[in-house]
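With numbering that gives the first Met the number 0 applied, the sequence shown covers 0 to 282.
Yeah, the Cβ is synthetic: ideal placement off N, Cα and C, and Gly gets one too.
Every value quoted in this text rests on a predicted model; they were computed, and no experiment measured them.
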Amino acid sequence: MSDPTYTPPEVWTHDAENGGKFANINRPTAGAREEKDLPVGDHDFQLYSLATPNGVKASIMLEELLEAGHSGAEYDAWTVNIGEGDQFTSGFVDLNPNSKIPTLLDRSGDQPVRVFESGAILMHLAEKFGAFLPTDHTRAEVLSWLFWQVGSAPFIGGGFGHFYAYAPEKYEYPINRYSMETKRLFDVANQRLADNEYLGGKDYTVADIATFPWLAPFVFGGIYGEARKFLSIHEYTHVERWVKQLAERPGVRRGRIVNKTWGEDNEQLLERHSPADFKGKNI
Ligand SMILES: N[C@@H](CCC(=O)N[C@@H](CS)C(=O)NCC(=O)O)C(=O)O
C-alpha cells in the first residue's frame, strides 16, 4: 500500500521494488547497459521500433511515403522489445541516447544520419521526400499540431495510462488529474476536426500521422483496459469521424502492424523488409 501521508525526504532515492509495471527496466540513469550491435538490412532506412502509439508513427509515415510512390522510402523495420530492455543495448543507445523507440537510421545520403524522437523522424522524412508537410503558409499550422501531439502524448500515456492501467494501486488524485487532461486534449482535437477535415487543415499531413496512433486506440477500444468507457470517448464525434477515415488508408493499415508482437498472428509483423511481408496479413 502507498502511504497517503507520504512526506518526500530531503533527497530522493530510487526504489527498484516499487511494484510498477516497468519497475524492472526503469532506472534514473541513461546509457547502455549491454554491449550489443543492432541488426542492419539492405535498405537506406533502418527503423528500430515497436508497434506502440509512438512507434507506429514512423512505420505509418514510411508506408504512406511508399503508398504515395516514393520508392526511396523502402525500409527495414526491426523489433525493439522494450519490456526486455533492448533499448539499452550499446547499438541502440548509439542511435538514441534517450533509449526510446522509434529510432531511425537514414543511410540515403553521403553520411549515415541518426534520428530519434518520433516528431523529428516525421519531419526528417517529410522534408527528405517533400511529402505530408506543406511548404506554403500552412506549414506553421501543421507544425503546431505536430508539436502539440508530441508535447501532449506524455499526459495521455505516462499520465493517464500509467495511473489508470499500470500503477500497482489506484490513486485517485493522479487519475483525476490525467483523466481531465486527456479529455481536454480530446476536446481540443474534436473542436479542430469539427471544422477541418484534417488537423492541419484541408490536407493529410505529419500532424495526422503523429496523432492518429494515440487517439485511434481510445476510439476503437483496446488501450488501457476500459479507458474508452471511463473517459466517455464516444462524446468526441469529430475525432471518431477522422479516426475512422484515416484507419481506411492503406499506408495506415500496413504501418500499424509493423513491429507488432502481440494480438492475432495475422495482425503481427515482427520485422518488415519488403512489401511482400504483408502477404496474408489482416490489413
Ligand atoms: N518522445 C518520444 C517518446 C517515445 C517513447 O516514449 N517510447 C516508449 C514506447 S511508446 C519507449 O521506448 N519506452 C521505453 C522505455 O521507456 O524504456 C517520441 O515521441 O519518440
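Any idea if residue 144 is buried or exposed, counting beta-carbon neighbours within 10 angstroms, 16 or more meaning buried? Looking at its Cβ environment, which holds 16 or more other Cβ atoms inside 10 Å, residue 144 is buried.
Check: residue 108 C-beta below 7 Å from any heavy atom of ligand 1: False, no ligand heavy atom lies under 7 Å from that Cβ.
In the stretch 182-227, which residue ranges form an unbroken alpha helix (DSSP H) of at least 4 residues, counting only runs that do not cross its ends? List check, alpha helix (DSSP H) in window: 205-219.
Member of 7, 23, 76, 29 whose CA lies at the smallest distance from the CA of residue 268: Measuring from the Cα of residue 268, the nearest candidate turns out to be 76.
Starting from residue 65, follow the alpha helix (DSSP H) in both directions and report where the run begins and ends. Run containing residue 65: 52-66, per the alpha helix (DSSP H) assignment.
Quick test of the definition: if touching needs 3 or more C-beta pairs under 8 Å, does the stretch 205-218 touch the stretch 126-145? Contact between the stretch 205-218 and the stretch 126-145 is present, because at least three Cβ pairs lie under 8 Å.
If you pair each beta-carbon of the stretch 114-129 with each one of the stretch 157-171, do three or more pairs fall below 8 Å? No, the stretch 114-129 does not touch the stretch 157-171.
Nearest to residue 51 by CA position, among 13, 160, 175, is which residue? Of 13, 160, 175, the residue nearest in Cα terms is 160.
So residue 77 is in the beta strand (DSSP E); what residue range does that whole segment cover? DSSP places residue 77 in the uninterrupted beta strand (DSSP E) bounded by 74-78.
Compare the C-alpha of residue 140 against each of 79, 266, 197 and name the closest. The candidate whose alpha carbon is nearest that of residue 140 is 197.
Consider the C-beta atom of residue 174 and the heavy atoms of ligand 1; say whether any pair is separated by less than 7 Å. Incorrect: residue 174 has no Cβ contact closer than 7 Å to ligand 1.
Under 7 Å: does the beta carbon of residue 116 sit that close to some heavy atom of ligand 1? Result yes, Cβ under 7 Å from ligand 1.
Do residue 187 and residue 215 come within 8 Å of each other at the CB atom, strictly closer than that value? Their beta carbons are not under 8 Å apart, which means residue 215 does not touch residue 187 by this criterion.
Since residue 64 contacts residue 164 with CB under 8 Å, what's their CB separation in whole angstroms? Rounded, the Cβ-Cβ distance is 33 Å, inconsistent with contact.
Tell me residue 271's beta-bridge partners as DSSP assigns them. Answer is 76, bridged to residue 271.
Is there contact here, the stretch 221-228 with the stretch 272-279, by at least three beta-carbon pairs under 8 Å? In short, these stretches do not touch, since the Cβ pair count stays below three.
Burial state of residue 351, where buried means 16 or more other Cβ atoms lie within 10 Å: The structure shown does not extend to residue 351, since the chain is modelled only from 0 to 282, so the question has no answer here.
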